[in-house]
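Since the structure comes first, as structure tokens, the remarks are kept for the end.
4 protein chains.
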Amino acid sequence: MGEHDLRRRILDEARYLLVREGYSGLSMRKLAQAIGYSATSIYLYFKNKDDLFHVLILEGLEKLYEHLNRGLDGIPSPEQRLRALCERYISFGLENPEYYEIMFVLHPEKSSRFPREHYRRGRKSLNLFAQALEDGTREGVFHCRDVSVSASVIWTFLHGAVSLVLAHRLDARLDRSSYLKEVIDRTVASMKFPLAVSNESLNP
Amino acid sequence: MGEHDLRRRILDEARYLLVREGYSGLSMRKLAQAIGYSATSIYLYFKNKDDLFHVLILEGLEKLYEHLNRGLDGIPSPEQRLRALCERYISFGLENPEYYEIMFVLHPEKSSRFPREHYRRGRKSLNLFAQALEDGTREGVFHCRDVSVSASVIWTFLHGAVSLVLAHRLDARLDRSSYLKEVIDRTVASMKFPLAVSNESLNP
Amino acid sequence: MGEHDLRRRILDEARYLLVREGYSGLSMRKLAQAIGYSATSIYLYFKNKDDLFHVLILEGLEKLYEHLNRGLDGIPSPEQRLRALCERYISFGLENPEYYEIMFVLHPEKSSRFPREHYRRGRKSLNLFAQALEDGTREGVFHCRDVSVSASVIWTFLHGAVSLVLAHRLDARLDRSSYLKEVIDRTVASMKFPLAVSNESLNP
Amino acid sequence: MGEHDLRRRILDEARYLLVREGYSGLSMRKLAQAIGYSATSIYLYFKNKDDLFHVLILEGLEKLYEHLNRGLDGIPSPEQRLRALCERYISFGLENPEYYEIMFVLHPEKSSRFPREHYRRGRKSLNLFAQALEDGTREGVFHCRDVSVSASVIWTFLHGAVSLVLAHRLDARLDRSSYLKEVIDRTVASMKFPLAVSNESLNP
DNA sequence: GATGAATGAGCGTTCATTCAT
DNA sequence: AATGAATGAACGCTCATTCAT
Numbered sequence: 012m013g014e015h016d017l018r019r020r021i022l023d024e025a026r027y028l029l030v031r032e033g034y035s036g037l038s039m040r041k042l043a044q045a046i047g048y049s050a051t052s053i054y055l056y057f058k059n060k061d062d063l064f065h066v067l068i069l070e071g072l073e074k075l076y077e078h079l080n081r082g083l084d085g086i087p088s089p090e091q092r093l094r095a096l097c098e099r100y101i102s103f104g105l106e107n108p109e110y111y112e113i114m115f116v117l118h119p120e121k122s123s124r125f126p127r128e129h130y131r132r133g134r135k136s137l138n139l140f141a142q143a144l145e146d147g148t149r150e151g152v153f154h155c156r157d158v159s160v161s162a163s164v165i166w167t168f169l170h171g172a173v174s175l176v177l178a179h180r181l182d183a184r185l186d187r188s189s190y191l192k193e194v195i196d197r198t199v200a201s202m203k204f205p206l207a208v209s210n211e212s213l214n215p
Numbered sequence: 012m013g014e015h016d017l018r019r020r021i022l023d024e025a026r027y028l029l030v031r032e033g034y035s036g037l038s039m040r041k042l043a044q045a046i047g048y049s050a051t052s053i054y055l056y057f058k059n060k061d062d063l064f065h066v067l068i069l070e071g072l073e074k075l076y077e078h079l080n081r082g083l084d085g086i087p088s089p090e091q092r093l094r095a096l097c098e099r100y101i102s103f104g105l106e107n108p109e110y111y112e113i114m115f116v117l118h119p120e121k122s123s124r125f126p127r128e129h130y131r132r133g134r135k136s137l138n139l140f141a142q143a144l145e146d147g148t149r150e151g152v153f154h155c156r157d158v159s160v161s162a163s164v165i166w167t168f169l170h171g172a173v174s175l176v177l178a179h180r181l182d183a184r185l186d187r188s189s190y191l192k193e194v195i196d197r198t199v200a201s202m203k204f205p206l207a208v209s210n211e212s213l214n215p
Numbered sequence: 012m013g014e015h016d017l018r019r020r021i022l023d024e025a026r027y028l029l030v031r032e033g034y035s036g037l038s039m040r041k042l043a044q045a046i047g048y049s050a051t052s053i054y055l056y057f058k059n060k061d062d063l064f065h066v067l068i069l070e071g072l073e074k075l076y077e078h079l080n081r082g083l084d085g086i087p088s089p090e091q092r093l094r095a096l097c098e099r100y101i102s103f104g105l106e107n108p109e110y111y112e113i114m115f116v117l118h119p120e121k122s123s124r125f126p127r128e129h130y131r132r133g134r135k136s137l138n139l140f141a142q143a144l145e146d147g148t149r150e151g152v153f154h155c156r157d158v159s160v161s162a163s164v165i166w167t168f169l170h171g172a173v174s175l176v177l178a179h180r181l182d183a184r185l186d187r188s189s190y191l192k193e194v195i196d197r198t199v200a201s202m203k204f205p206l207a208v209s210n211e212s213l214n215p
Numbered sequence: 012m013g014e015h016d017l018r019r020r021i022l023d024e025a026r027y028l029l030v031r032e033g034y035s036g037l038s039m040r041k042l043a044q045a046i047g048y049s050a051t052s053i054y055l056y057f058k059n060k061d062d063l064f065h066v067l068i069l070e071g072l073e074k075l076y077e078h079l080n081r082g083l084d085g086i087p088s089p090e091q092r093l094r095a096l097c098e099r100y101i102s103f104g105l106e107n108p109e110y111y112e113i114m115f116v117l118h119p120e121k122s123s124r125f126p127r128e129h130y131r132r133g134r135k136s137l138n139l140f141a142q143a144l145e146d147g148t149r150e151g152v153f154h155c156r157d158v159s160v161s162a163s164v165i166w167t168f169l170h171g172a173v174s175l176v177l178a179h180r181l182d183a184r185l186d187r188s189s190y191l192k193e194v195i196d197r198t199v200a201s202m203k204f205p206l207a208v209s210n211e212s213l214n215p
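Residue numbers (our numbering), protein chains in the order written: chain H, 12 to 215; chain U, 12 to 215; chain R, 12 to 215; chain Y, 12 to 215.
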């Protein structure tokens, strides 16, 4: 077994188990059995379970960024670029449920155990949205007061969609593709609205 | 100990533990210890752990509905009604994180174990949004092709916000109240947009 | 609920549960639920689980005796009487599996907790066999050195049959009725044999 | 601790506990404590409690067969061979109460959880009896219509003896060795009788 | 680089039983 | 005569992890 092949297999099998059996179904024991190695071997490549998760998360963030960014420069129109970003975000989430869940859904109570490094990596993706908003705002097609806030808002909308779909929480009778289309349409459209001037806050 | 006080205490403590230690932190043993009773006692009031969760979920759905619906009829303007609903949904989620998580975040893989009855109750709340959309569409202030889809879209946006805030996934430097205000503003605004006629679907 | 009706119902339900769910399936909790009373109520009529079992055993021994003895005096021929006893013993066992198991099969390791009183009652039944042997020996049709030993031997043979059938341990392809007939035939026949004179013992 | 010594110790201790404390006394915890290891360790060698039992049963069946079969070919006379088999069966049962109970007495309601493989192994032993009967019938010393039925009948008689002795259900004043001798004598003798021709069945 | 052996802590759950009312 | 409330002990089992080799 060459160098780090096993490490790769562990990560891949972990993702597979994660999506097939859920978080609680991913135990070190089962993982070891699935790759055909002893449980101890996993600890040669990962300090502990958290570490393994950490690596998966970073990988996921990287993949998400690449998925979002690929050929993005070729889309000059800010609106079309934002729309493409929305579509890509959702398709990434739905096609990589294990990465998505581990990045944004699972065990938030323990997320504090993970270094803040994530956020830096995650922000790279968020900046793609922010950049489109920035460009669009300059051109007058979008109206943002603070593009970093608005980018978070867009992320919020898209995350709502992906997480509800992955968790099967939407009404089964809902037509999924028209639902997703409307999510994207309204998300993009919402950026075209001039925000009111008022400054009242909602919550302390 | 009178009547069913203990049952109430169990439910309350379960909610508390849930938000403090997460799902895996809510074990029957810890719960028992927290209320100062033996683990066995819990089984006098709940058939098993699933049953306890089931009760909490139903309670949460009921409370959410009441929170959304209180005095809603007194708001004649559909837009103001929709805005109120959005504000209330978010404030409920942030003020009742344990109910929110158990209803909409936790262990989705196991949610199939719970009867479909939930969804009926949950849909009552969704219908409040749908009704506002319906009225607004009739008045021409909103533009919806299918209010039940659009209601789901709104829910999607709001759920994205609540779940990201509860999971502390947003940039710490983000001003929360302006973020939340923008979420609500754009959510409401997005309904004012006429949807394009095109029928292309996003995902197979 | 008059006097001791409940006591009777408890005993009957216990027998029912015993045969339907086995020994471990008979818990005080389930028993209480089955009769529609609280678990505590059982303790009004029986000191504890052992006591309940004790009563069932004594009942079973009594019923077995009656089943064996009914109209037995009307059978003058010792051989026919012995044959009748064998048939009755087996039919009682197969038709009252719960009594049979509780009397002769279940938890022998704990039988020491039960008073020796059983044996007195049980011996009454054994004596019916012994009497037939005694009469048959006097008439020369049976050959017994010590009828109490031979009666135990007969019981041994019959018990083997009942316990194997109740436990479903016999080959499923075995025709049960010809098997049982042969058991009885050979049991009765074995008593017709003159025992050898030798006195060597088998086991220390 | 070399190789699989612990596995062996677990099995041996299980047998010991089984006979000393009965089936319910054999818990994984007690077993672990008895061998001075943690309960978890048992699961390194056995998948679960059923598996452990399964292994013990197979071991017992194998040992019983060897005990019955050893040097059996050296006994040409079918009658002497049958007698030897009877003596050996009983001595095995009395000298290996734990194997005997786990094979033929304990928790019959759960025996369905164990694969049918047992029965194949158990039948090997039964066939030794059948063979002796077959040979004896050919020589005219035994009279059997169907040797497989008659072999089951013999097993029945012997099992009755072993199980009653192990359960201490026989009258304490009974002389055990003359009782056992008579069991064997009459069991063998019973095979010498020509069965009647009648075909009436006992039980529907 | 990889493993076998082992564990402490914890899980959800069931049990027979007691006690005050 | 009957109950509701409560419990300590035990059950089979799984977990992430360690350590010596």
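Even for Gly, the Cβ is constructed at its ideal location relative to N, Cα and C.
Residue i classed as buried or exposed, judged by whether at least 16 other C-beta atoms fall within 10 angstroms
i, result
"U:D16", "exposed"
"Y:E106", "exposed"
"H:H179", "exposed"
"Y:G47", "exposed"
"Y:R197", "buried"
"H:M202", "buried"
"U:T167", "buried"
"R:L175", "buried"
"Y:G85", "exposed"
"H:I113", "buried"
"U:P205", "exposed"
"H:L191", "buried"
"U:G171", "buried"
"H:P89", "buried"
"Y:D61", "exposed"
"H:G71", "buried"
Beta carbon of residue i nearer than 8 Å to that of residue j
i, j, result
"R:I195", "R:C97", "yes"
"U:L37", "U:A50", "no"
"R:S161", "Y:V160", "no"
"U:L29", "U:K41", "no"
"U:L83", "U:L139", "yes"
Which listed residue (the options) has its alpha carbon closest to that of residue i
i, options, result
"R:A207", "Y:A200, Y:G71, Y:A25 and Y:H65", "Y:A200"
"H:F115", "H:D23, H:L37 and H:L169", "H:L169"
"Y:Q91", "Y:L63, Y:Q142 and Y:L69", "Y:Q142"
"H:S163", "U:S102, U:E70, U:L185 and U:G133", "U:L185"
"H:S35", "H:E109, H:T148 and H:L69", "H:E109"
"R:D23", "R:Y54, R:P89 and R:F64", "R:F64"
"Y:N59", "Y:Y76, Y:F125 and Y:A95", "Y:F125"
"Y:F103", "Y:L117, Y:L75, Y:R31 and Y:R94", "Y:L75"
Chain R residues whose Cβ lies nearer than 9 Å to that of residue i
i, result
"Y:T148", "Under the 9 Å cutoff, chain R gives no residues; its nearest Cβ is about 14 Å from Y:T148."
Contacts of residue i in chain R (Cβ-Cβ under 8 Å)
i, result
"Y:F103", "By Cβ distance, chain R contributes nothing, its closest Cβ being about 11 Å from Y:F103, past 8 Å."
Chain Y contact residues for residue i, given Cβ-Cβ distances below 7 Å
i, result
"R:H15", "The premise fails here: R:H15 is roughly 30 Å from chain Y at the closest Cβ pair, so nothing lies under 7 Å."
"R:S158", "First, the residue type needs correcting, since residue 158 of chain R is Val and not Ser in the sequence shown. What R:V158 touches in chain Y: nothing, since even the nearest Cβ is about 11 Å away."
Interface residues of chain H facing residue i [CB-CB closer than 9 Å]
i, result
"U:L96", "Result: empty, since nearest Cβ-Cβ is about 13 Å, beyond 9 Å."
Amino acids of chain U, ordered along the chain, whose beta-carbon sits closer than 7 Å to that of residue i
i, result
"H:F115", "R180"
Check: residue i C-beta below 7 Å from any heavy atom of the ligand HEM
i, result
"R:V164", "Absence of the ligand HEM from the depicted structure is noted, as is the absence of any ligand whatsoever, leaving it without description."
8 Å Cβ cut-off: residues of chain Y touching residue i
i, result
"R:A45", "None at all; the shortest Cβ gap to chain Y is about 18 Å."
Contacts that residue i makes with chain Y (C-beta to C-beta distance below 9 Å)
i, result
"R:Y130", "R180, D182 and A183"
"R:A25", "Here the premise fails: no neighbours, minimum Cβ distance about 16 Å."
Residue i: contacting residues in chain R (beta-carbon distance under 7 Å)
i, result
"Y:L175", "T167 and H170"
Under 9 Å by beta carbon: chain U residues contacting residue i
i, result
"H:E5", "The requested residue 5 of chain H does not occur in the structure, where chain H is confined to residues 12 to 215."
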